[in-house]
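Asks: Below is one structure. I have some questions about it.
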Amino acid sequence: MSADACRASGTELPRGDCGPFWQVLAEDFDGDRVPLGAFSDCDHRVDTSGAYCGGLRGAYRDNWWAYPTGWRDTANDRGRDVVGVYHPEDTVSVGPAANGDGRMYIRMWRPADGGPVHAAAVVPRAVMQMRYGKYSARIKVTKPAPGYKSAWLHYGGGCEMNHPEGEWTGDLTAFHHPCGGGEQGYFPGSDDWTRWHTVSTEWTPGHVRFFVDGRQVGHDTRDVPALPLSWVLQNESALQGPGAAPGSSAQLDITWVAAYAYGWK
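Take the sequence shown: its letter number 76 is residue 76 in full-length UniProt numbering, and every next letter is one higher.
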């Protein structure tokens, strides 16, 4: 597959079908605002295509879900001194930037008293439990701080595809954990989280490919998933390096997301 098959290498939200991919999601966040607090009451039909957040209204309730308040992040299972708990109600919002560009904001933070990091994982409902496809977004960490990371992923059934992943003070990387176990596919990058990047994952039968700004940065064919999975835009406390300092915060901006089904319409 070409990285440019869906024109997902530039700054503008790509629209329309392309090659074997059929667009099912195109969101530029230029519509309704979503204030802090709206991504709440998300404990409904969790991890299914019927999941929803009761605090959302209109198109955002139809199109988005988030890990419910109180779910623990990955660091809790890794013996980290600083761990995180998902709190979409006080970490996720949507609105215009200073230049008028609509964005989804992921602002994670750690309380001044040294409690757990408030983490955020948002999930586009249109591609929950979907097999194969192309998944793209344009992102930038606008406020970095040690102790915060992303691991956007598809996972389930012993399979996992992660892109982009990494601490926000480092570089974007990608990983593939084959369904049958064995050595993970590790694709280190040199692209800084604090610059705008267009990231894409192409998942087709027997192949997973990872792209940054139209460049293929990884490709694996070993035990690629063949079961329906959800695209989770997971942001959490760091798994390497220092933990987040008490009273600190960090922010990721998403200016658009696009997703495509594969081989059907």
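Where is the CB? At the ideal position from N, CA and C, for every residue including glycine.
(1) Quick check on this structure: which residue in S190, W109, R15 has the alpha carbon closest to the alpha carbon of G147?
(2) Spatial neighbours of G102 within its chain, please: C-beta separation below 8 Å, excluding the five flanking residues on both sides.
(3) Which residue comes first and which comes last in the alpha helix (DSSP H) that contains D62?
(4) Is the Cβ-Cβ distance between A137 and V199 less than 7 Å?
(5) Is the distance from the Cβ of Y132 to the Cβ of A259 below 7 Å?
(6) Check for me: the beta strand (DSSP E) holding C159 runs from which residue to which?
(7) Quick check on DSSP: helix, strand or coil for E236?
(8) With a CB to CB cut of under 6 Å and the five nearest residues on each side skipped, what residues in its chain are close to V34?
(9) Could you spell out where the beta strand (DSSP E) holding M130 opens and where it closes?
(10) In whole angstroms, give me the CA-to-CA distance for H87 and G70.
(11) Who are the Cβ neighbours of P228 in its own chain at under 7 Å, not counting the five residues just before and after it?
(12) Sort out for me which residues DSSP pairs Q23 with in a bridge.
(13) In the structure shown, what three-state DSSP assignment does A75 receive?
(14) Can you tell me which of D192, H118, F211, H177 puts its alpha carbon nearest to the alpha carbon of D223?
(15) Thinking C-beta only, is D41 closer than 7 Å to G54?
(16) Along the chain, where does the beta strand (DSSP E) that runs through W109 open and close?
(17) Using CA coordinates, which residue listed in P116, L153, H219, H207 is at the minimum distance from N76?
(18) Note down, in chain order, each residue of its chain lying with its Cβ closer than 7 Å to the Cβ of D191, except the 5 sequence neighbours on either side.
(19) Rounded C-beta distance between residue 271 and Q251? I'm assuming under 8 Å.
(20) Is D90 helix, strand or coil when you go by DSSP?
Replies: Here's the rundown:
(1) As a first step, residue 147 is located in the sequence shown; it is residue number 147 there, counting from the start. Nearest C-alpha to G147: W109.
(2) Start at 1 with the first residue of the sequence shown, and residue 102 comes out as number 102. These residues qualify, in order along the chain: D28, F29, D30, G31, V94, G95, P96, T255.
(3) Translated into the one-based positions of the sequence shown, residue 62 becomes position 62. Counting along the chain, the alpha helix (DSSP H) containing D62 begins and ends at 58-63.
(4) Taking the first residue of the sequence shown as position 1, residue 137 is located at position 137. Taking the first residue of the sequence shown as position 1, residue 199 is located at position 199. A contact, by the Cβ cut-off of 7 Å.
(5) On the sequence shown, residue 132 is found 132 positions in, with the first residue counted as 1. On the sequence shown, residue 259 is found 259 positions in, with the first residue counted as 1. In this structure, A259 does not lie closer than 7 Å to Y132 by Cβ.
(6) Taking the sequence shown and counting its residues from 1, one reaches residue 159 at position 159. Start and end: 159-167.
(7) Within the sequence shown, the letter at position 236 stands for residue 236. E236 falls in the strand class under three-state DSSP.
(8) Position 34 of the sequence shown, counted from the first residue, corresponds to residue 34. If we look at V34 and ignore the five residues flanking it on each side, its Cβ neighbours are Y60, S93, V94.
(9) Taking the sequence shown and counting its residues from 1, the one referred to as residue 130 is at position 130. M130 -> no beta strand (DSSP E), and no H or E assigned at all.
(10) Taking the sequence shown and counting its residues from 1, the one referred to as residue 87 is at position 87. Taking the sequence shown and counting its residues from 1, the one referred to as residue 70 is at position 70. Taking the straight line joining both Cα atoms gives about 7 Å.
(11) In the sequence shown, counting from the first residue as 1, residue 228 sits at position 228. These residues qualify, in order along the chain: Q129, M130, R131.
(12) Residue mapping note: residue 23 aligns to position 23 of the sequence shown, counting from 1. DSSP, once it has assigned bridges, lists Y260 as partnering Q23.
(13) Here residue 75 corresponds to residue number 75 of the sequence shown, with the count starting at 1. Note: A75 maps to helix in three-state DSSP.
(14) Along the sequence shown, one-based indexing puts residue 223 at 223. The shortest C-alpha separation from D223 is found at H177.
(15) Translated into the one-based positions of the sequence shown, residue 54 becomes position 54. Translated into the one-based positions of the sequence shown, residue 41 becomes position 41. Going by C-beta atoms, G54 is nearer than 7 Å to D41.
(16) Working through the sequence shown from its first residue, we reach residue 109 at position 109. Per DSSP, W109 belongs to the beta strand (DSSP E) from 102-109.
(17) Within the sequence shown, residue 76 is the residue found at index 76, counting from 1. Checking every option, the nearest Cα to that of N76 belongs to P116.
(18) Locating residue 191 in the sequence shown gives position 191, where the first residue counts as 1. These residues qualify, in order along the chain: D171, L172, H197, V212.
(19) There is no way to answer for residue 271, as the model of the chain reaches only from 1 to 265.
(20) Within the sequence shown, numbered from 1, the residue matching residue 90 stands at position 90. Looking at D90 - three-state DSSP - the assignment turns out to be helix.
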